[in-house]
Amino acid sequence: MDDRAVSATLGYALSLTIATLLVSGIFIGMADYVGDQRERAIRSELKVIGNRIAADVAAVDRMVTAANETGSATISTELPAFVAGRQYTINVTDISDETNAAGNQLYSINLTTTDPAVEVKVRVKTQTTLAETTVTGGDIEIVYTGSELEVRSG
Amino acid sequence: MADVGDDRGQLLLLAAVGLAIMFVTLALVMNTVIYTENLATRSSKVAGGSEATSYLAAVEDGIGGIVEYANYHNNTTHADLQSNLSDGVDEWSDAAGTLYAQSGAGTNISIQSINNGTRIEQDDASRNFTNTTGNATDWTLVTNVNETRKFRINITDETVLKSAGSGDEFEVNITDGSDHWRLNITHDTETNISVRNASGGEVTCTASNTEPWVNVTAGTVAGEECTGLNFAQGLTTPYSIEFRNADNVTGTYELIVTNASLAKNAGTNPHFSDDDSSGQPYVTPAIYSTRIDITYQSPRLYFNTSVRVVPGEDDG
Chain B
2 MDDRAVSATL GYALSLTIAT LLVSGIFIGM ADYVGDQRER AIRSELKVIG NRIAADVAAV
62 DRMVTAANET GSATISTELP AFVAGRQYTI NVTDISDETN AAGNQLYSIN LTTTDPAVEV
122 KVRVKTQTTL AETTVTGGDI EIVYTGSELE VRSG
Chain Y
3 MADVGDDRGQ LLLLAAVGLA IMFVTLALVM NTVIYTENLA TRSSKVAGGS EATSYLAAVE
63 DGIGGIVEYA NYHNNTTHAD LQSNLSDGVD EWSDAAGTLY AQSGAGTNIS IQSINNGTRI
123 EQDDASRNFT NTTGNATDWT LVTNVNETRK FRINITDETV LKSAGSGDEF EVNITDGSDH
183 WRLNITHDTE TNISVRNASG GEVTCTASNT EPWVNVTAGT VAGEECTGLN FAQGLTTPYS
243 IEFRNADNVT GTYELIVTNA SLAKNAGTNP HFSDDDSSGQ PYVTPAIYST RIDITYQSPR
303 LYFNTSVRVV PGEDDG
């Protein structure tokens, strides 16, 4: 007697729809959340790696300056090849024009991944010229070639 | 809905499984961060860049000391000096190598080149600065000099010094043929050092004690800095070093120059004595400078350079 103007099929379809909406809502939320966390993880890792590279570049620069720019110096840096499962590239650009640091040159080490697109920039100041190079993430070598510093794949 | 039976919550199950997969993916992503965060806690000094730089400084000091020791012991000929220096450098390299190996670094030094020179010295503090026979009050110590180091004068009797402007005060005159650099030592109420460089600038410094040391190449008088006392300022190389009115000063002096052909032979050098211990001015072979090749290697770092060791050129 309570089943007047009630269709079982409609009830079934409604339940299904509402449940599907709820579940897909949860799925989408979770996917966004995981994506967000992945991007934060990548950013944090790239920052650490970038600062490591900058520290080693500065170390080579100090040695070369102490040696009055004669001779050769190399530091090998072990870096992870993947960040959160993605490959990344290391790019060095000269941004000395933006500052007026006398005698020092300012460079930006840019680390980028493509999917998701994340870019982290770390600045480093050196007294020796640093060549503008691009290398894939992984073990690298920072070499003084006799005239300038260079970041190479190791 | 009750007649559906035991088939309940299919979609909820799907949702739960989906969420579980997402959580596992999240865990995998976060896992990779652990390594990098650990990397962040390591010091960048692990590479050893600062050790390499301090090794460089240690080599300069250590080999500088060896050069100085060699210049005063077993220094009969340049060949003796070179062999002593070579032995000393090898021993230093071995000793330092053992020490640095304990911290995981390989080091090595070797001599790239040696610059021979001559040491001119007078030890008798009661003697004036004339030549060995005592006849010449204006005489040339050495010609054809490119560099000088460790040029020190010790005045032991200020009563012998003349006053400034008297015309016969003691003077060290350095000339490259056209320009002159002069250093006068005079005494009025205190001992004064006056310097006139090649471009005409003049500086006077007063000594703070009665028996002052004048370190000409380091630019100090009685241990205090004399600004403007820059050895041979404005002259071109090669230059000659002369004494004028050398009878108006008493004390000792010493200098090391790059001219290695001032042989220890009274026949060719009438101004100098053959006997080093007579107290009169003499010459002896010396090493002026040496260039050392340095290598420093650690697991992550390789450093190779050369450094010129010149003890006493610009320091005290």
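Just so you know, the protein sequences line up as chains B and Y, in that order.
2 is the number of the first residue of the first sequence in the numbering used here; add one for each residue after it.
3 is the number of the first residue of the second sequence in the numbering used here; add one for each residue after it.
By construction, the Cβ of each residue, glycine as well, lies at the ideal position given by its N, Cα and C atoms.
Put simply, the backbone Cα of Y:Leu-264 is about 18 Å away from that of Y:Thr-132. Y:Ile-116 is positioned such that its CB atom lies no closer than 9 Å to that of Y:Val-144. The three-state reading of DSSP puts B:Lys-122 in strand, counting E and B together. Three or more pairs of CB atoms, one per stretch, sit closer than 8 Å, so the stretch 302 to 310 of chain Y contacts the stretch 74 to 84 of chain B.
In this structure, the straight-line span from the alpha carbon of B:Ala-118 to that of B:Thr-129 is close to 32 Å. Residues of chain Y whose Cβ lies closer than 9 Å to the Cβ of B:Pro-81 are, in chain order, Thr-34, Tyr-37, Thr-38 and Leu-41. Here Y:His-189 carries a strand assignment [DSSP, helix/strand/coil]. With the rule of 3 Cβ pairs closer than 8 Å, the stretch 124 to 141 of chain Y does not count as touching the stretch 226 to 243 of chain Y.
The C-alpha of B:Arg-39 lies about 10 Å from the C-alpha of B:Gly-86. Under the Cβ criterion of 9 Å, Y:Ile-111 is not counted among the residues facing chain B. If only uninterrupted beta strand (DSSP E) runs of at least 3 residues are considered, those enclosed by the stretch 77 to 146 of chain Y are 108 to 124. The DSSP-derived three-state label of Y:Ile-176 is strand.
Within the stretch 119 to 140 of chain B, no residue has a Cβ lying closer than 8 Å to any Cβ of chain Y. Taking 9 Å as the cut-off, the Cβ atoms of Y:Val-223 and Y:Trp-215 count as close.
Excluding sequence positions up to five before and after Y:Asn-194, its CB lies within less than 6 Å of the CB of Thr-188, Thr-206 and Thr-208, all in the same chain and listed in chain order. In this structure, the alpha-carbon of Y:Asp-82 lies about 15 Å from that of Y:Asp-92. Contact between Y:Thr-158 and Y:Glu-192 is absent: CB atoms are separated by about 16 Å, not below the 8 Å threshold.
Note: Y:Val-223 is bridge-paired with Y:Val-216 and Y:Glu-226 in the DSSP secondary-structure output. Sixteen is the threshold: since fewer than 16 other Cβ atoms of the shown chains lie within 10 Å of the Cβ of Y:Ser-210, the residue is exposed.
Restricting attention to beta strand (DSSP E) runs no shorter than 3 residues, the stretch 12 to 46 of chain Y encloses none.
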